[in-house]
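Novice: Going by the numbering used here, 127 is the number at position 45 of the sequence shown; the sequence numbering is gapless.
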Amino acid sequence: MKHIEIESDWSAGFKGATQNFIDAIKGSVSPLLSGQEGREILRFALAVQKAARLNREVYLDELDSTWPALYAWHRRKENRPKPPPWSIPFLFGNENLSQYAPQAKSLTEGLVRSFDPKLASNWNLKIGIYLTADGGITDEKICLSIKNGTIGLQFGEIPNNTTFTVTMPAGVWAAILLRKKRAEIA
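Printed below as a string of structure tokens:
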């Protein structure tokens, strides 16, 4: 685009452009802007107006698109930061944890062995753990009871008076006990 010196005052600029338009129609001078340059300025002005109206970024190519909203959505999607590839399975649990399922029972017994009675001296609760079939292991019902600092483990049945019951695949339970998975996102 060529450089044109016009006063920066809006009214003077408007007067200068109008005078150039009239002179160009008469044929005495060539227009300051070509049709393509004028269209580009108009397109930019319309994009600014649309951005103010919609309160979002408006792309110049969006104005020429057959479906402007779809074009803008695709452009915004392209500009969004992509999540790291490792975060998708981590966040949504697509991991195959059934490989840990055979260790679920022994890890639960290990949890009881590592229990510190001083930390739960006034506790009185029963926790039901229902491990669903996973990794070749059948369903397993476990009751973990803590009473006045003493812990007990019972396999085969979950009593009705448990404080709460946790139901999950055996592999997930084992992964939590192995600290390969956090309980709050398992």
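Note that beta-carbon positions come from the ideal geometry of N, C-alpha and C, so glycine has one too. Note that the coordinates shown come from a computational prediction; the quantities given were computed from them, not determined experimentally.
Can you give me the C-alpha to C-alpha distance between Y153 and E160, rounded to a whole angstrom?
Specialist: 11 Å
Novice: Tell whether a beta-carbon distance below 8 Å holds between I49 and A183.
Specialist: Because the chain is modelled from 83 through 268, residue 49 falls outside the range shown and cannot be assessed.
Novice: So is Q185 buried or exposed if we call it buried at 16+ other beta carbons inside 10 Å?
Specialist: buried
Novice: Closer than 8 Å is the cut-off here; do at least three beta carbon pairs connect the segment 137 to 148 with the segment 204 to 221?
Specialist: no
Novice: Jot down the residue ranges of each uninterrupted beta strand (DSSP E) in the segment 236 to 261, minimum 3 residues, whole runs only, in chain order.
Specialist: Runs of the beta strand (DSSP E) inside the segment 236 to 261: 246 to 251.
Novice: DSSP three-state label for N206, please.
Specialist: strand
Novice: What did DSSP end up calling D198 once you bin it into helix, strand or coil?
Specialist: coil
Novice: Quick check: what's the CA-CA separation for W205 versus G231?
Specialist: 7 Å
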